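Report on one structure; see the data block that follows.
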Amino acid sequence: MSAYQEYFDESHQLVRDSVRRFVEREILPHIAEWEEAEEFPRELYLKAGAAGILGIGYPEQFGGSHEGDVFAKVAASEELMRCGSGGLVAGLGSLDIGLPPVIKWGRTELRERVVPQVLAGEKIMALAVTEPSGGSDVASLKTRAVREGDFYRVSGSKTFITSGVRADYYTVAVRTGGEGFGGVSLLLVEKGTPGFTVGRKLKKMGWWASDTAELFFDDCLVPVENLIGMENMGFACIMANFQSERLALAIMANMTAQLALEESLKWGCEREAFGKPIGKFQVLKHRLAEMATQLEVSREFTYRQAAKMAVGKSVIKEISMAKNFATDIADRLTYDAVQILGGMGYMRESLVERLYRDNRILSIGGGTREIMNEIIAKQMNL
Ligand SMILES: Cc1cc2nc3c(=O)[nH]c(=O)nc-3n(C[C@H](O)[C@H](O)[C@H](O)COP(=O)(O)OP(=O)(O)OC[C@H]3O[C@@H](n4cnc5c(N)ncnc54)[C@H](O)[C@@H]3O)c2cc1C
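Quick note on numbering that gives the first Met the number 0: the sequence shown kicks off at 0 and runs consecutively.
If you want it as structure tokens, here you go:
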């Protein structure tokens with residue numbers, strides 16, 4: 000990554016090295032087995048917490064490090080993706096979507112209790128916004144929370160929630176007010192709260208190692224102290240959260256494309272046909288050159304937006320562009336990689352088979368491609 004010294008300094012390199020070692024030691028030897036089992040051990044959270052990986056980007060007072068350092072987080076995310084399983088990265092990293100609202104807007108008691116446990120890997124955190132009736136139109140969510148004395152009585156359901164089965168804490172979007180975005184709030188719901196149940200673990204096309212679940216709230220009483228931010232101000236909190244989630248998804252897509260390219264280059268040298276390595280055929284050389292070009296452009300554009308975010312600039316339009324561009328490129332590169340590996344590319348034992356499946360979610364989760372285009376168009380006053 001030395002070509003990107005403009006973005007990464009020595010401390011980022013240290014983060015990169017330590018996460019890379021963690022992935023090589025703790026994840027890579029087991030990942031194929033965990034993918035097939037559609038689960039990784041809960042103990043991995045504790046190990047990642049102890050290695051300081053879960054805390055990267057978070058305040059020291061809660062056990063974190065590199066607070067607000069966007070490129071430390073980027074370096075860590077890129078190295079985690081080297082495990083080749085988007086599902087594991089999404090599952091282990093579900094705190095990154097659930098926790099920021101608690102840190103930014105949660106009450107002191109809530110933050111001091113919840114955040115250190117999550118950063119240590121002792122507790123698992125999830126974000127629950129999407130509902131069976133829809134995920135794109137967040138402002139129309141239906142899960143209802145009615146204030147009754149010191150509690151909110153919550154009724155409704157959520158679906159497709161990453162780490163939904165085994166999370167301990169859920170940042171849940173609910174309707175406390177009237178219709179539209181002005182009636183949405185965030186509540187921290189804890190596992191074990193009466194009236195809160197977890198439904199089935201959903202079977203998926205990709206991201207096998209992550210657990211994805213339905214959640215049900217049936218007259219579930221949540222203490223008012225668990226309100227995150229002000230009542231009816233939840234929509235803005237959710238939207239603010241989306242910026243870093245979209246950056247993270249663009250980074251995941253770029254790394255998926257990187258791995259697909261690396262596998263293709265390796266196979267191009269090793270595999271022979273008609274008496275020479277297949278990578279020597281001009282059609283393949285050009286394909287590989289184009290793949291490298293597309294990835295380079297995508298990564299540079301994503302890093303540029305990360306650099307703006309690092310100095311506090313708003314990149315609502317550009318981060319939506321980065322997510323769409325990166326996920327699109329990664330879709331293409333993973334498709335090409337399967338093609339280059341031929342029959343082996345279709346086999347479960349090859350990494351590109353998983354990359355191809357895993358990448359499909361990245362233009363759906365965290366805001367679909369169409370919703371990103373809506374945001375871009377709006378910013379263009381269209
Ligand atoms: C593996 C996985 C993990 C997930 N993890 C989480 C999680 O942890 N927490 C969470 O809250 N959610 C999670 N989600 C949900 C995800 O965010 C939603 O699936 C996504 O936002 C889309 O919502 P939807 O599936 O309801 O599709 P819909 O909103 O029903 O959209 C269906 C289609 O209509 C299109 N569409 C909708 N509105 C428009 C429009 N205005 N213009 C043009 N096209 C439009 C969409 O782009 C899409 O193509 C996850 C989903 C998956 C698959």
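We put the beta carbon where it would ideally sit given N, CA and C, even for glycine.
Just so we're clear, the structure is a prediction, and the values are computed from it rather than from any experiment.
Discussion item. Measuring alpha carbon to alpha carbon, tell me which residue in 15, 96 and 54 is nearest residue 239.
Written reply: On the sequence shown, position 240 is the one that residue 239 refers to. Answer by Cα proximity: 96.
Worksheet item: Among residues of its own chain, excluding the 5 on either side of residue 125, which ones have a beta-carbon nearer than 7 angstroms to its beta-carbon?
Response: Here residue 125 refers to the residue found at position 126 when the sequence shown is read from its first residue. Contacts found: 93, 97, 160, 161, 162, 163, 166 and 169.
Worksheet item: Does DSSP classify residue 156 as helix, strand or coil?
Response: Start at 1 with the first residue of the sequence shown, and residue 156 comes out as number 157. Strand at residue 156.
Practice prompt. Would you give the residue range spanned by the beta strand (DSSP E) that residue 174 belongs to?
Written response: Numbered from its first residue, the sequence shown carries residue 174 at position 175. Membership of residue 174 in the beta strand (DSSP E) is indicated by the continuous run 168 to 174.
Discussion item. Just checking residue 330 against ligand 1 - is the residue's beta carbon closer than 7 angstroms to any of the ligand's heavy atoms?
Written reply: Stepping through the sequence shown from its first residue, residue 330 is reached at position 331. Residue 330: no, Cβ never under 7 angstroms from ligand 1.
Discussion item. Cutting at 6 angstroms between CB atoms, please list the residues of its own chain near residue 86, excluding the five before and the five after it.
Written reply: Numbered from its first residue, the sequence shown carries residue 86 at position 87. Excluding positions up to five away in sequence, the list reads 206, 207, 208 and 209.
Practice prompt. Please classify residue 182: does DSSP put it in a helix, a strand, or coil?
Written response: In the sequence shown, the residue the question calls residue 182 occupies position 183. It is helical.
Worksheet item: Closest to residue 267 by CA distance: which of 288, 248, 83 and 250 is it?
Response: Your numbering for residue 267 matches position 268 in the sequence shown. Minimum Cα distance to residue 267 is reached at 288.
Worksheet entry | residue 64 in three-state terms, based on DSSP | Position 65 of the sequence shown, counted from the first residue, corresponds to residue 64. Correct three-state label for residue 64: strand.
Worksheet item: Is residue 222 helix, strand or coil when you go by DSSP?
Response: As a working note, residue 222 is residue 223 in the sequence shown. Strand.
Item to complete: Just grab the DSSP bridge partners of residue 74 for me.
Response: By 1-based counting over the sequence shown, the position of residue 74 is 75. Looking at the DSSP assignment, residue 74 forms no beta bridge with any residue, so it has no partner.
Worksheet item: Out of curiosity, what's the CA-to-CA distance linking residue 330 and residue 285?
Response: Residue 330 sits at position 331 when you count from the first residue of the sequence shown. Residue 285 sits at position 286 when you count from the first residue of the sequence shown. Between residue 330 and residue 285, the C-alpha separation is close to 18 angstroms.
Discussion item. Measuring straight from C-alpha to C-alpha, what distance separates residue 44 and residue 26?
Written reply: As a first step, residue 44 is located in the sequence shown; it is residue number 45 there, counting from the start. As a first step, residue 26 is located in the sequence shown; it is residue number 27 there, counting from the start. Distance between the alpha carbons of residue 44 and residue 26 is about 11 angstroms.
Practice prompt. Confirm the yes/no value for this check: CB of residue 170, any heavy atom of ligand 1, distance under 7 angstroms.
Written response: Numbered from its first residue, the sequence shown carries residue 170 at position 171. Flag unset: Cβ of residue 170 not near ligand 1.
Worksheet item: Would you say the beta carbon of residue 197 comes nearer than 7 angstroms to a heavy atom of ligand 1?
Response: On the sequence shown, residue 197 is found 198 positions in, with the first residue counted as 1. No, Cβ of residue 197 sits at least 7 angstroms from all heavy atoms of ligand 1.
Practice prompt. Examine ligand 1 and report whether any of its heavy atoms sits within less than 7 angstroms of the Cβ of residue 213.
Written response: Along the sequence shown, read from residue 1 onward, the residue named residue 213 stands at position 214. It does not: the Cβ of residue 213 is nowhere closer than 7 angstroms to a heavy atom of ligand 1.
Item to complete: Could you round the C-beta distance between residue 353 and residue 84 to whole angstroms and report it? I think they count as a contact, below 8 angstroms.
Response: By 1-based counting over the sequence shown, the position of residue 353 is 354. By 1-based counting over the sequence shown, the position of residue 84 is 85. Their Cβ separation, rounded to whole angstroms, is 7 angstroms, which keeps residue 353 and residue 84 in contact under 8 angstroms.
Worksheet item: Using the rule of at least 16 other Cβ atoms within 10 Å of the residue's Cβ for burial, across every protein chain shown, is residue 28 buried or exposed?
Response: Against the sequence shown, residue 28 aligns to sequence position 29. By the 10 Å Cβ count, residue 28 comes out exposed.
Worksheet item: Which of helix, strand or coil does DSSP assign to residue 99?
Response: Along the sequence shown, read from residue 1 onward, the residue named residue 99 stands at position 100. Looking at residue 99 - three-state DSSP - the assignment turns out to be helix.
Practice prompt. Please classify residue 442: is it buried, with 16 or more other beta-carbons within 10 angstroms of its beta-carbon, or exposed?
Written response: Nothing about residue 442 can be read from this structure; the chain reaches only from 0 to 381.
Worksheet item: Would you say residue 298 reaches chain B, if we count a Cβ-Cβ gap shorter than 8 angstroms as a contact?
Response: Judged by its chain identifiers, the structure shown contains no chain B, having just a single protein chain.
Practice prompt. Would you decide whether residue 362 is buried or exposed? Buried here means 16 or more other CB atoms lie within 10 Å of its CB.
Written response: Counted from its first residue, the sequence shown places residue 362 at position 363. With 16 or more Cβ atoms within 10 Å of its Cβ, residue 362 is classed as buried.
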